[in-house]
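Terminal number for the sequence shown in our numbering: 675, no gaps in between. In this text, a Cβ means the ideal position worked out from N, Cα and C, and glycines have one as well. All values reported here derive from a predicted model rather than from experimental measurement. Data first, discussion second: the structure below is written as structure tokens.
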Amino acid sequence: MVFAPALQILRPLLSVASRRADFGTAFARFPSEFLSHHAGYARVQPALLPLGVPNALAGHIWRATATVLSQLKDIFHRQAESNPAEWMRGLGYTEDERNWLQTMADPRSVQIATSFARADFIVSEAGPRLVEVNVGPTIGGIGVLDRYSDVFDLTCRDLIGGSPASGISLPRPAVIWSHVLRRLAGSDGSAGNRLRIALVVADDEIDIPHPHEAASYLRREGMTVDIVCVDEVRFHDARAETPRGRVDVVYACFTYDQFRTPVYRKFAEQAMACHRAGGPLYISPPAFTVFGNKAMLAEVGDNADLANASLLLKTRRLAPDLLTFASANRGALVLKPSIGYGGDGVVVGADCEQAAWNDALDRATQAQAAYVLQDYAAPSPILMPTCQGSIAYHFNIGCLSFGGQFAGLLLRQVPASSQSVTNCKQGATFAAACIVDDDTASKLAKSAGED
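Structure below.
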């Protein structure tokens with residue numbers, strides 16, 4: 225499949241609009257519109273414009289996501305029936321972590337853990353390439369994507385007198401999210417027939433917009449939502465409460481590295497015990513970490529036909545017998561810890577000198593944690609109109625999967641002139657990917673060629 229950068233499809237609309245005198249005025253208000261909803265948008269910032277993704281390409285990305293998620297589940301079940309402790313040791317978990325995770329896993333928790341996921345694709349010259357899968361209670365694209373779609377739609381109405389174009393749909397994942405939560409909870413809830421959800425956030429993330437925006441849009445779907453920290457949730461046998469009342473769903477917005485902190489680990493143990501006693505649904509069973517472990521992609525990639533079909537980059541577990549190969553192929557490889565978030569510990573061979581690369585390899589092989597070597601796909605810059613003129617960006621596309629359904633595409637971008645990772649906590653901006661139907665894509669591509 226030949227990948228055409230999405231900007232080319234929306235170019236006639238956006239390039240014409242960007243030359244209008246009022247373009248700068250209209251989009252200068254764009255960031256302030258977000259800030260009016262939550263001050264955290266000063267930290268997690270929206271990009272000026274979205275990209276349009278043809279329906280055919282969006283379908284290709286979704287099928288790749290669904291294929292890899294299915295394979296990850298098969299691998300988990302197969303390995304869990306053989307020698308789970310030894311298998312998890314190879315994934316990089318310590319003995320204490322292996323023992324703890326095995327007490328936290330059961331068939332129901334595995335089903336819940338895999339209900340929410342995001343597959344991340346780098347936009348390269350060859351097309352989108354899947355580089356990692358984040359499985360678990362992600363809210364990274366919920367709420368903020370719905371807000372982005374609302375604000376962008378309103379801004380376009382001010383600028384061009386209407387929505388961007390017919391045949392272009394903006395992502396609104398909160399609707400699907402709410403449906404999946406209701407299905408998993410198995411009821412409409414106990415708060416006057418409104419499902420009450422506790423969105424539990426880490427202490428250092430209470431000021432970011434994600435949980436607050438997620439809550440705002442869930443409330444639009446008829447749910448009651450409390451945003452709380454761990455010390456605000458009380459468990460009593462099969463009952464869980466926040467200061468505002470009894471809850472039906474406990475949705476902990478944690479990553480696995482946070483579960484390594486005693487206070488979050490204790491919270492998970494209490495929530496799991498409450499759920500197993502017949503209490504509220506616990507959306508964050510720690511088993512989710514295994515599905516997002518980057519060493520799992522090496523097992524998926526052992527199937528060459530699947531790797532080709534899923535756009536998955538070749539991933540290998542780093543071992544001493546691979547050091548010579550890794551050293552000789554620095555420019556074609558990326559070194560990553562098997563357990564990690566936000567680009568921490570990632571070394572791109574093409575971006576460093578040979579001595580630094582060899583040193584990183586040596587340290588990784590001697591570390592207690594596991595590392596992987598992944599084929600490198602150079603990001604392809606896409607030129608975007610901004611209020612300061614056109615700027616080239618590198619993009620990451622996150623494909624959201626909720627309950628086995630496609631839930632939208634989240635974009636993160638950084639200027640191509642930087643070597644930053646596309647992570648919003650490290651300076652990347654976010655936007656929506658609009659799905660463009662095939663007829664509209666064809667018309668816009670034709671007009672772009674005439675522009």
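Under the 10 Å beta carbon count, H301 is surrounded by fewer than 16 other beta carbons and is classified as exposed. In this structure P504 is in contact with V474, their Cβ atoms being roughly 5 Å apart against a cut-off of 8 Å.
Between L597 and A550 a beta carbon distance of about 6 Å is seen, short of the 8 Å cut, so the two are scored as contacting.
In this structure S373 is buried. Its beta-carbon is surrounded by 16 or more other beta-carbon atoms within 10 angstroms. D472 has its alpha-carbon roughly 25 Å from the corresponding atom of F630. Under the criterion of beta carbons closer than 8 Å, R371 and F258 qualify as touching, at roughly 7 Å. Rounded to whole angstroms, D663 and P278 show a C-alpha spacing of 9 Å.
Setting aside the 5 residues that flank it on each side, D450 is surrounded in the same chain by A422, T466, R468, each with a C-beta closer than 6 Å to its C-beta; the list follows chain order.
Assigned with DSSP and collapsed to three states, Q592 falls in coil, not helix or strand.
For the set A497, G564, S306, A426, the Cα lying nearest the Cα of E456 is the one of A426.
Separation of D330 and A519 (C-alpha to C-alpha, rounded to the nearest whole angstrom) is 22 Å. In this structure A556 is in contact with G573, their Cβ atoms being roughly 7 Å apart against a cut-off of 8 Å. Residue environment: C658 is assigned as buried (16 or more neighbouring CB atoms within 10 Å of its CB, all protein chains considered). Within the same chain, Cβ atoms closer than 8 Å to the Cβ of R418 are found at D412, G446, M447, T448, the five residues on either side in sequence being excluded. Minimum Cα-Cα distance from F376 among the listed residues L394, P361, Y317 corresponds to L394. The stretch 608 to 616 and the stretch 579 to 596 do not touch, with fewer than three beta-carbon pairs separated by less than 8 Å.
For the 8 Å CB-CB criterion, C623 and L635 do not form a contact. DSSP, read as helix, strand or coil, puts N323 in helix.
Contact check for L296 against F459 fails: the beta carbons are separated by 8 Å or more. Minimum Cα-Cα distance from T479 among the listed residues V487, M496, F512 corresponds to F512.
Beyond the five residues adjoining it in sequence on each side, M312 comes within less than 6 Å, by CB distance, of R322 in the same chain, given in chain order. Judged by beta-carbon spacing, G365 lies beyond the 8 Å limit of R396, meaning their Cβ atoms are not closer than that value. For L547, the CB contacts under 7 Å within the same chain, skipping 5 residues up- and downstream, are L585, T589 in chain order.
The three-state secondary structure of E310, taken from DSSP, is helix. Q335 and S614 have their C-alpha atoms spaced approximately 45 Å apart. Inclusion of R353 and F340 in the CB contact set at 8 Å is not warranted, their separation being larger than that value. In this structure, R267 sits away from I400, with a CB-CB distance that is not shorter than 8 Å.
Straight-line spacing of the CA atoms in I507 and R406 works out to 12 Å.
Pairing A601 with L293, the inter-Cα distance amounts to about 21 Å. Between V368 and F626, the CB-CB gap reaches or exceeds 8 Å.
Q592 sits away from R554, with the two beta carbons spaced by 8 Å or more.
A438 has its alpha-carbon roughly 13 Å from the corresponding atom of I430. A409 is not a Cβ neighbour of A655, given a cutoff of 8 Å.
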